[in-house]
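Student: Right, I'll just put the structure down here and ask away after.
Number of protein chains: 6
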Amino acid sequence: MRITLVNPNTTRAMTEAAGRAARAVAAPGTVVTAVEPATGPAAVESHHDAALAVPGVLAEVAAAPDADGFVLACFGDPGLDAAREVASGPVVGIAEAALHTATLLGRGFSVVTTLPRMIGRTEELVRRYGCADACRGVRACDVPVLDVSGSYDAVLDACAAALAADGSDVLVLGCAGMAELAAAVSAELGVPVVDGVAAATKLVEGLVAQGLRTSRRSEYAPVPGLVRALSKEH
Amino acid sequence: MRITLVNPNTTRAMTEAAGRAARAVAAPGTVVTAVEPATGPAAVESHHDAALAVPGVLAEVAAAPDADGFVLACFGDPGLDAAREVASGPVVGIAEAALHTATLLGRGFSVVTTLPRMIGRTEELVRRYGCADACRGVRACDVPVLDVSGSYDAVLDACAAALAADGSDVLVLGCAGMAELAAAVSAELGVPVVDGVAAATKLVEGLVAQGLRTSRRSEYAPVPGLVRALSKEH
Amino acid sequence: MRITLVNPNTTRAMTEAAGRAARAVAAPGTVVTAVEPATGPAAVESHHDAALAVPGVLAEVAAAPDADGFVLACFGDPGLDAAREVASGPVVGIAEAALHTATLLGRGFSVVTTLPRMIGRTEELVRRYGCADACRGVRACDVPVLDVSGSYDAVLDACAAALAADGSDVLVLGCAGMAELAAAVSAELGVPVVDGVAAATKLVEGLVAQGLRTSRRSEYAPVPGLVRALSKEH
Amino acid sequence: MRITLVNPNTTRAMTEAAGRAARAVAAPGTVVTAVEPATGPAAVESHHDAALAVPGVLAEVAAAPDADGFVLACFGDPGLDAAREVASGPVVGIAEAALHTATLLGRGFSVVTTLPRMIGRTEELVRRYGCADACRGVRACDVPVLDVSGSYDAVLDACAAALAADGSDVLVLGCAGMAELAAAVSAELGVPVVDGVAAATKLVEGLVAQGLRTSRRSEYAPVPGLVRALSKEH
Amino acid sequence: MRITLVNPNTTRAMTEAAGRAARAVAAPGTVVTAVEPATGPAAVESHHDAALAVPGVLAEVAAAPDADGFVLACFGDPGLDAAREVASGPVVGIAEAALHTATLLGRGFSVVTTLPRMIGRTEELVRRYGCADACRGVRACDVPVLDVSGSYDAVLDACAAALAADGSDVLVLGCAGMAELAAAVSAELGVPVVDGVAAATKLVEGLVAQGLRTSRRSEYAPVPGLVRALSKEH
Amino acid sequence: MRITLVNPNTTRAMTEAAGRAARAVAAPGTVVTAVEPATGPAAVESHHDAALAVPGVLAEVAAAPDADGFVLACFGDPGLDAAREVASGPVVGIAEAALHTATLLGRGFSVVTTLPRMIGRTEELVRRYGCADACRGVRACDVPVLDVSGSYDAVLDACAAALAADGSDVLVLGCAGMAELAAAVSAELGVPVVDGVAAATKLVEGLVAQGLRTSRRSEYAPVPGLVRALSKEH
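Given below as C-alpha cells:
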C-alpha cells in the first residue's frame, strides 16, 4: 500500500519528521512517501498562510495518481475538501484523525496547539468534526510551528495545565510538528496522547484495507471543468 | 466611503453585474470598486475551484490598502478568514451577509444554490454562521454559475419549490450570479428574497459607519512572518 | 428614509441618548425619530418590566405607519416578534443587531450587561439568534439601566475583565444606555466594541435600502382578528 | 393545595374547560381555581395577541398571593418568566409541561397546533425547553383557538397525519382548547396523547408537594423597583 | 395507585431510605413499594456496576405486573429504556426526573454527584435529556454512594461551591443516597434543591393520573421473541 | 497483535461471519479471535435484549486479559463504556467505528438498520458520537438480525431508498449481520458502504499500533470495589 503524506508547510525537515512519525506506526507493506509543496509558506501559522499553502498541496496530491491514500499533515486540515475532489484515493487530515481517535479513548480531551491565534480555528474544526461535546478545552503552548518539535518542556507544560484545568482524560497534540513528542508526554502524564500524523496514517491504511474511498456522488465528484477552471491558471 | 468588492470568479461580466447590484443599494457617497483576481477559475463550482481562487482574492484585497471595507462576492465565502487578516478594513462574505440578513425577516428561510454539489458546503456555512435553526432547506436550481444570471425561470422554479416544501417564509439566493434576479423573484413569489451582494454591501457600509473593523486581538492580528510566508511564493 | 426608534424604557433622557447614537451613524437622508411609550416602566430590568413595556411599544409602532423601518432599543428585544406583525416596515432589535454584527468582526465576543439578573435572558437571546458558538461569555457591570450611561468606569472594568477571562476579541455592550460609551471603551481596550443601537440603525437602513421587510407569509402575516383581539382592550 | 390556573385567553368558556381538564387529574385535596384576565384578547393567535395578554395574566398571578402554585394555560407560555418573578409559588406553562412529559413516554413526539402561524413559535419553544432531539415534527390542524374544542375530526386527522409522516410514538396537543380531546385521540390512534393543561397541573402539584418553588437567586428574584416600574402604569 | 420503586443498588438500607423519600411526597392513596434486585452490586459506582445491576432491575420490574408505575432509583438511570419495554406502566428514572424538574425552577442548575468518575456519565445524561443549556456544571463531593447519606457536610460544601462557581440558581442532588439531605441543603443555601427520588415519584404519579404510559408504537413495543431472547438465560 | 471480537448475540454462526469480516481486512500479523457470550439473547433486537447481553459480553472481555484490543460487534454498542473499564486494551464498538469512518468519506451518510424499533437507538448513537450533522437519515430494512445476512435484496432496496430520499453520498450498514453484504451493495450503488465490523477492526488495529488505550484517568479507571460489586453476583 502506498500512502502519500503531504505536509502543507514547505519546510523539508518538518516533512521528514512527519514521515518518520507515519512510518513508525504503519503496517508492514505500507510505503509512506512524505512530500511538501514546491511553493507556499515555510510554516502555516495563520489563515493567510493556509490559503497560500493549499494550491501547492493540491498539486502534490494531483502529482501522486498512483497513491492508494493521502495524509494531509497540518492540523488546520487546509484544503481537505479540495484534496478529496482531486485525489486518487481517500484523504484524511491530521486534525480530523486526531479528534476522532481521541473520542475512542476516554470521555473528554484537551487540544494543545502552537500559537494562541490558532485556537479559534481549532475550535471551529472541533465543531466541524462533531467533537464539541468531547472537547474540554483548547490551549496554546505559545511556540511557533517550526520550533515546536524542539520545545518538549513547553508542550508538556501546556498539556499538564490542560489536564488540570479541563478535567480531560485524553490529550491531542494540535500540530504536525509535535508528532514525535507524543510518547514522552504520555509517559510523563499518564494519559493517552494522540498525534494526528500517526492517527491519520492508520485511518488511511484502514480505509484502503476496507476498499473505501471518497464518494464520487455529488459534492466530491470529479471537478466539472477542471481544465476550464485552470484556464487563467494561478 | 470606498468599498472594494472582490469577485473570486475571474469572469469580468460577472464582476460587473455584482458591482451593479452593490451600487444599486449603496448610500450616496459610497464608491464601489468591483474587481476580480488576475488568475484563478472562471467560475467557482467546486472546493478545488475555491482553493485556487483564494490566493488571487487575497492579492486583490492586499492591493486595495485605501479601501474602507470589502465585500467577498462568492457564496462559499472562500478565503474570508484570510482576507480578514490582510484587509485594511472590515470584510463581509456574501453568504454570511445573506444568512444573517435573512434571519431578520422571518422565521425560517430556504437557500437556492446553483449546482447540487454546492449543497453540502452551503449547509456547512449555515451551521458555521449559526443559522441552522433558521434554515429550512437548501436546494439547487442545477444551473452552472456562469449561466445563472440568465436563467430566471430555473431559479424561480427552485425558489417556488423551496417555499412549498420547506415551510419557509424568506428566500436566500445562493450565488453572486443571481444578484440581479432577487427583485423579480420576490415580486413573483411574495416573500422577501435576499441577495448576498446587496446584503454584504450594506453590512460593510454599516460597519464602516460605526467605525468597526476586524479585531486585531489574537486570531486576526497582522500575520506574523507574512514576508517569510511568501518567501517560496506561490 | 424614516426610521422610528422605540425605546421600551419610558425615560425620556434615555430615549434622547439612543436617538443621538442612532443619528451619529445614520446615512445622509435618514431621519431618525426616537420615541418611548406613554406608559410602562421607567427602566426595563426584569421580565416583569419587559412584559409591561411591550403593549406601549406596540402602540408606538402602530402609531408610525409611515416609518420605513424600526429600531427596538432595549437589549432584551421585548416584543420583537409582535412588533414585526404590526409594523409598516422591518424591525430590528438591538440585541439581535449587536450579536449578528459582532460575529462579523472576530472569532468570539463577550457581552457586558447591566445587572446580574439580566445574564440569563441575554444568554437565551444569544442562543435564539444562533450565536452560541461565537459568544465567549456574558457578564454584568452591576449598574442599573438608568445609571449606566454615567458609569463609564464600571462598564470599562467589566469589559476589561471579560476580555481577560473569556479569550474574546470583540465586545458587545448589552444595554441601550451604554450606547454612547462604545467608542471610548474601544479606544481604551483596543478591540471592536459593538453598540446595539448603532448596529440596529444600520441594519434597518440596509434592509430598507434593499427593499426588504418582514415576510407576510404565515407567522408574521397581518394579525387575524386584530380588532377582535382588542375588544377587551388592555 | 390551591392551584390557580390562568388562561391568557379571555374567553370564559375556554377557562372553564381548562379548569375541568385540570380538576380531572388533580389529587384529592387539590383545589383548582381557573381564571382569565379582565382584559386582553379573546384568543391568543399571534405574537401580538400574546403580548397584549401578558399584563392581564400577571395581574391575575399577583391577585392570588395565597395560591400554592400556578398553571399558565396557553401553549405559547406567554409571560412565563415574568410570572415566575411575581408569583407566590411555582409556575408551569402548558407547553413546557407537555413537552417535558412527552419525553418520558417514548422516543419522539409530534405536536399538533391550531393555526399554521403558530408553528414557528412552537418550534422555538421546543428548542427553548431542550426538546429538539425528541420532537419529530410540528403541524397545524388549521382551526382557530376558539373553535378547536369542537373540532375533534380536524385534530384527529392532523394527529394521524403526524404519526404517519414523522415516525413519532407520542403526540402533544398544542393548545389549551384541545385539552378535553386528548383521551379520545389516544384511544383512536393507540399512542399516548399529552394535554398540557393536565400535564402542568400535575407538575405544579408535584413541585408543591416537594416544597419546591422558583429560585429567588438572581434572575427571578423579587423585581427591583416594582413600584417604580409601575409608576407610568400601563 | 401502586408505585414500585426499584433501587439498582442491592443495599437494603439504601432502598429503605429511598422508599421513605418517595413516600414523603406521595399523594394520599399512593402506595410505594421499594425493592432492590436479588443480585447485583451493592452500590453502582461505575459503568461495570451499572451493567451488572440492570438484569436484576428488569427482573424486579417484570415481577411487579400490577404496579401502576415505576421509579428507577439510581442517578445513572441504568436500564431505563429496557425497563420501559418490560414494565406494566410508565417508568421514570431519577436523573431524568431531577433534570426536567430543575428546569422548571430557575435559569440554570448545578448537579452534585458522588465520585468524580460519575461526572462524565452525568454530563452525558444532561445532554441526552435536553438539559445542556440549563446545566451550568456537574461536580463531585467525592464520597462513595453508600456513605453519602451520612455525609451532609461534604454534600453541602460541594453544593455551595457549585453555586459560587457556576452562577446557577437551582441545585440537583445526583444520587439516590442523597435524597434525605435535600431539604437541609436548601434551607442552608437558600435555593431550590431537587432530589430525583421525590421528583420521579411525583412524575410517575402524574403520568398515572393522566392515564399516560410508555408508547407501544415501535421502539418500546413488547419485545419480540422475549422468550427466545431468554433461551440462553443469563 | 491479538484482537478479540465479542459478538453480543449468542448465535455462533453470526460470530463466525463477523470473524470472517474482521479477518478480511486485518493486517498481516493480526490474529482475530471471535467469541460470543455463554449466555444471553440469540439476537439483540431490543433494549431488553441488549441489557441481558451485556454481562456476558463483559465476562468475555474479562476472560481475554492477553488481548491487545477488542471489537464489540453489535451496532447498538451495548456495554461499551463498561467494557472500557474492564478491558486489557482499547475497545471499539461497531456503531462508533462505522459512524466515524463514514464521516471521512463524504458529506452525509444514511444508516440502514434491521427492524424499525432500532431506529431510535441508532439516532441516539449518532448524536452521542457527534455525527448528527453528517447523518442524513436512518431507516430499517425490516429484516430481523438473524435473517439479515441472507437478505441481500431487502438490504439493497433499503440502501437505494436511503440514497434517493436523503441526498446522502455514503451508506452505513447498521448491523453486524450485514457485514458481508457491504462490498456487493457498494458495487451495485456506486457509493462507499461502511461495515462496522471491518471499520472497528481497523480502528482497534490502529490504536494498538499507536500504543493507545483507554485512559485510566477518572471515569474509566479500574473499577473500585469490583470484588465488592460482584458480592451478590448476578
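Residue numbers (the working numbering), protein chains in the order written: chain A, 1 to 234; chain B, 1001 to 1234; chain C, 2001 to 2234; chain D, 3001 to 3234; chain E, 4001 to 4234; chain F, 5001 to 5234. C-beta atoms are modelled at their ideal positions from N, C-alpha and C, and glycine is treated no differently.
(1) Are the C-beta of D/P3264 and some C-beta of chain C separated by less than 7 Å?
(2) Looking at chain F, which residues of the segment 3125 to 3148 of chain D have a Cβ within less than 7 Å of any of its Cβ atoms?
(3) How big is the Cα-Cα spacing for E/A4183 and E/A4176?
(4) Whose CA, out of A/A51, A/V143, A/L203, lies closest to the CA of A/G76?
(5) Should D/Y3220 be labelled buried (16 or more other beta-carbon atoms within 10 Å of its own) or exposed?
(6) Contact check, E/A4082 vs F/H5048 under 8 Å by CB: the rounded distance?
(7) Give me the residue from B/R1216, B/A1165, B/A1134 with the minimum Cα distance to C/V2191.
(8) Go ahead and label C/P2222 buried or exposed: buried means 16 or more other beta carbons lie within 10 angstroms of its beta carbon, across all protein chains shown.
(9) Could you pull out every unbroken beta strand (DSSP E) segment of at least 3 residues lying fully inside the segment 4102 to 4144 of chain E, listed in chain order?
(10) Taking the alpha-carbon positions, what's the C/L2125 to C/L2173 distance?
(11) For D/G3190, return the contacting residues in chain B, with the cut-off set at a CB-CB distance below 9 Å.
(12) Does the separation of the CB atoms of D/T3214 and D/R3117 fall below 7 Å?
(13) Where does F/L5005 sit, in a helix, a strand or coil, going by DSSP?
(14) Report whether the distance from the Cβ of A/A21 to the nearest heavy atom of the ligand NAP is below 6 Å.
(15) D/A3053: which of D/G3029, D/P3008, D/D3153 sits nearest, CA to CA?
(16) Any idea what DSSP makes of B/A1229, helix, strand or coil?
(17) Can you give me the C-alpha to C-alpha distance between E/L4146 and E/A4043, rounded to a whole angstrom?
(18) Can you name the residues that DSSP bridges to C/A2034?
(19) Got a sec, what are the start and stop residues for the alpha helix (DSSP H) B/G1019 sits in?
(20) Let me make sure I understand the geometry here. Which of D/D3133, D/L3203, D/R3121 has the alpha-carbon closest to that of D/P3078?
(21) For C/L2212 and A/D142, I'd like the C-alpha separation in whole angstroms.
(22) Any beta carbon from chain A within less than 7 Å of B/P1090's own beta carbon?
(23) Candidates D/A3095, D/D3166, D/T3113: which alpha carbon is nearest D/C3131's?
(24) Where does C/A2063 land, buried or exposed, given buried means 16+ other C-beta within 10 angstroms?
(25) 7 Å is my cut-off, CB to CB: does B/M1081 come that close to chain A?
(26) Can you give me the C-alpha to C-alpha distance between E/V4112 and E/S4168, rounded to a whole angstrom?
(27) Where D/I3003 and E/Y4129 are concerned, what is the direct C-alpha to C-alpha distance, given to the nearest angstrom?
(28) Rounded to whole angstroms, what's the CA-CA distance from A/Y152 to A/L181? Just pull it up for me.
(29) Just checking my contact of A/M178 with A/V138 at CB under 8 Å: how many whole Å lie between their CB atoms?
(30) Determine the burial state of D/S3231: buried for a count of at least 16 other Cβ atoms within 10 Å of its Cβ, exposed for fewer.
(31) Against B/G1120, what residues of chain A qualify as contacts under a CB-to-CB distance less than 7 Å, listed in chain order?
(32) Need the endpoints of the beta strand (DSSP E) that C/G2029 sits in, please.
(33) Taking DSSP as the reference, what is the three-state secondary structure of C/D2157?
(34) In chain E, which residues lie with their C-beta within 9 Å of the C-beta of A/G108?
(35) Quick check: the Cα distance between D/R3136 and F/L5163, rounded to an integer number of angstroms?
(36) Just mark C/E2233 as buried or exposed, buried being the case when its beta carbon has 16 or more other beta carbons within 10 Å.
Tutor: On the basis of the data shown:
(1) Outside the displayed span of chain D (3001 to 3234) sits residue 3264 of chain D, for which this structure offers no information.
(2) D3133
(3) For this step, residue 4183 of chain E is matched to residue 183 along the fifth sequence. For this step, residue 4176 of chain E is matched to residue 176 along the fifth sequence. Distance between the alpha carbons of E/A4183 and E/A4176 is about 14 Å.
(4) The residue given as residue 76 of chain A occupies position 76 in the first sequence. Measuring from the Cα of A/G76, the nearest candidate turns out to be A/A51.
(5) Along the fourth sequence, one-based indexing puts residue 3220 of chain D at 220. Per the 10 Å Cβ criterion, buried.
(6) As a first step, residue 4082 of chain E is located in the fifth sequence; it is residue number 82 there, counting from the start. As a first step, residue 5048 of chain F is located in the sixth sequence; it is residue number 48 there, counting from the start. Yes, they are in contact, since the Cβ atoms of E/A4082 and F/H5048 sit about 4 Å apart, within 8 Å.
(7) By one-based count along the third sequence, residue 2191 of chain C stands at place 191. Residue B/R1216 is the option with its Cα nearest to C/V2191.
(8) The sequence position of residue 2222 of chain C within the third sequence is 222, counting from 1. C/P2222 is exposed by the Cβ-count criterion.
(9) 4109 to 4113, 4135 to 4140
(10) Residue 2125 of chain C sits at position 125 when you count from the first residue of the third sequence. Residue 2173 of chain C sits at position 173 when you count from the first residue of the third sequence. If I take the Cα positions, the gap works out to 14 Å.
(11) Position 190 of the fourth sequence holds residue 3190 of chain D. The contacting residues do not exist; D/G3190 stays about 28 Å from chain B at best.
(12) Numbered from 1 along the fourth sequence, position 214 holds the residue referred to as residue 3214 of chain D. Numbered from 1 along the fourth sequence, position 117 holds the residue referred to as residue 3117 of chain D. Not in contact: D/T3214 and D/R3117 (Cβ atoms no closer than 7 Å).
(13) On the sixth sequence, residue 5005 of chain F is found 5 positions in, with the first residue counted as 1. Note: F/L5005 maps to strand in three-state DSSP.
(14) Of ligands this structure carries none, so the ligand NAP is not represented either.
(15) The sequence position of residue 3053 of chain D within the fourth sequence is 53, counting from 1. Answer by Cα proximity: D/P3008.
(16) Counted from its first residue, the second sequence places residue 1229 of chain B at position 229. Reliability of the predicted coordinates at B/A1229 is poor, the pLDDT of 41 falling under 50, and the value obtained from them is presented with this limitation in mind. Of the three classes helix, strand and coil, the one that applies to B/A1229 here is helix, per DSSP.
(17) By one-based count along the fifth sequence, residue 4146 of chain E stands at place 146. By one-based count along the fifth sequence, residue 4043 of chain E stands at place 43. Cα-Cα distance, rounded: 7 Å.
(18) By one-based count along the third sequence, residue 2034 of chain C stands at place 34. DSSP, once it has assigned bridges, lists C/L2005 as partnering C/A2034.
(19) Position 19 of the second sequence holds residue 1019 of chain B. That run of the alpha helix (DSSP H) goes 1012 to 1025.
(20) On the fourth sequence, position 78 is the one that residue 3078 of chain D refers to. Among D/D3133, D/L3203, D/R3121, the Cα nearest to that of D/P3078 is on D/R3121.
(21) Taking the first residue of the third sequence as 1, we reach residue 2212 of chain C at position 212. Taking the first residue of the first sequence as 1, we reach residue 142 of chain A at position 142. Computed Cα separation, rounded: 47 Å.
(22) In the second sequence, residue 1090 of chain B corresponds to position 90, counting from 1. B/P1090 does not count as touching chain A.
(23) Numbered from its first residue, the fourth sequence carries residue 3131 of chain D at position 131. Of D/A3095, D/D3166, D/T3113, the residue nearest in Cα terms is D/A3095.
(24) For the purposes of this step, residue 2063 of chain C is identified with residue 63 of the third sequence, where counting begins at 1. Its Cβ having fewer than 16 others within 10 Å, C/A2063 is exposed.
(25) The residue given as residue 1081 of chain B occupies position 81 in the second sequence. Looking at the sequence shown, residue 1081 of chain B is not Met but Asp. Output row for B/D1081: interface = yes.
(26) Position 112 of the fifth sequence, counting from 1, holds the residue named residue 4112 of chain E. Position 168 of the fifth sequence, counting from 1, holds the residue named residue 4168 of chain E. Computed Cα separation, rounded: 12 Å.
(27) Within the fourth sequence, residue 3003 of chain D is the residue found at index 3, counting from 1. Within the fifth sequence, residue 4129 of chain E is the residue found at index 129, counting from 1. Approximately 28 Å between the Cα atoms of the pair.
(28) Along the first sequence, one-based indexing puts residue 152 of chain A at 152. Along the first sequence, one-based indexing puts residue 181 of chain A at 181. When rounded, the distance between both Cα atoms is 7 Å.
(29) Taking the first residue of the first sequence as 1, we reach residue 178 of chain A at position 178. Taking the first residue of the first sequence as 1, we reach residue 138 of chain A at position 138. With a Cβ gap of about 14 Å, A/M178 and A/V138 do not count as contacting.
(30) Walking along the fourth sequence from the start, residue 3231 of chain D turns up at place 231. Annotation note: pLDDT 37 at D/S3231 (below 50); position unreliable, no value reported.
(31) On the second sequence, residue 1120 of chain B is found 120 positions in, with the first residue counted as 1. Within 7 Å Cβ-Cβ: E219.
(32) In the third sequence, residue 2029 of chain C corresponds to position 29, counting from 1. Run containing C/G2029: none; DSSP gives neither H nor E here.
(33) Working through the third sequence from its first residue, we reach residue 2157 of chain C at position 157. Reduced to three states, the DSSP call for C/D2157 is helix.
(34) In the first sequence, residue 108 of chain A corresponds to position 108, counting from 1. Per Cβ cutoff of 9 Å: G4120, E4123.
(35) In the fourth sequence, residue 3136 of chain D corresponds to position 136, counting from 1. In the sixth sequence, residue 5163 of chain F corresponds to position 163, counting from 1. If you take the alpha carbons of D/R3136 and F/L5163, they lie about 21 Å apart.
(36) As a position in the third sequence, residue 2233 of chain C is number 233, starting the count at 1. With a pLDDT of only 41 at C/E2233, under the threshold of 50, the placement of this residue in the model should not be trusted; the figure read from the coordinates follows. It is exposed - the Cβ of C/E2233 has fewer than 16 other Cβ atoms within 10 Å.
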